[in-house]
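In this text, residue positions in the sequence shown follow our numbering: the first is 22, and each later residue adds one. Beta carbons are placed, not taken as given, at the ideal position from N, Cα and C, and that holds for glycine. Remember, predicted model here, so these are calculated numbers, not experimental data.
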Amino acid sequence: MSTETALRNAGLRATAGRVAVLEALTSMPHSDADHVFRVVASAVPTTSIQSVHNILADLTAAGLTRRIEPAGSAALFERRVGDNHHHVVCSQCGAVDDVDCVVGHAPCLAPATTAGFTVQTAEVTFWGTCPECAASAA
Ligand SMILES: [Zn+2]
Ligand SMILES: [Zn+2]
Numbered sequence: 022m023s024t025e026t027a028l029r030n031a032g033l034r035a036t037a038g039r040v041a042v043l044e045a046l047t048s049m050p051h052s053d054a055d056h057v058f059r060v061v062a063s064a065v066p067t068t069s070i071q072s073v074h075n076i077l078a079d080l081t082a083a084g085l086t087r088r089i090e091p092a093g094s095a096a097l098f099e100r101r102v103g104d105n106h107h108h109v110v111c112s113q114c115g116a117v118d119d120v121d122c123v124v125g126h127a128p129c130l131a132p133a134t135t136a137g138f139t140v141q142t143a144e145v146t147f148w149g150t151c152p153e154c155a156a157s158a159a
């Protein structure tokens, strides 16, 4: 599916800015708004950091992007949505990667008690040391 079609299927107009933001996130998942803005600005020179923030909010509300916010990090955005995947974050450099559902399917973790809540997803952040940081420490 093209980026334009994905936008229209989600009920959004396929503006140049939205297309550029989605395509930036295709090549660099888990990017923050500043990083996305630097890439998009080269394709759409009229864009602004504020419009990138607005686009990311619209795309996330429409379910086309997912927003994660590891502790101590700016909000990060990715196109991989709806699969309850988790993240591993480097506690030294902040590198982020995907971790598939821990066991089977969402929510993939069984809480001891849900206090009467119906649970749909579990959001897990694993913290550790990325291969680059491990290599430079060795
Ligand atoms: Zn690292
Ligand atoms: Zn992810």
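Check                                                                                                                                 : Outcome
Within 10 angstroms of its Cβ, does THR134 collect 16 or more other Cβ (buried), or is it exposed?                                    : exposed
Out of curiosity, what's the CA-to-CA distance linking GLU25 and THR36?                                                               : 8 angstroms
Where does ARG101 fall in DSSP's three states?                                                                                        : coil
Report all residues for which the CB-ligand distance to some heavy atom of ligand 1 is below 5 angstroms; order them along the chain. : CYS111, GLN113, CYS114, ALA116, CYS151 and CYS154
Would DSSP call VAL120 helix, strand or coil?                                                                                         : strand
Could you have a look at GLY115 and say whether DSSP puts it in helix, strand or coil?                                                : coil
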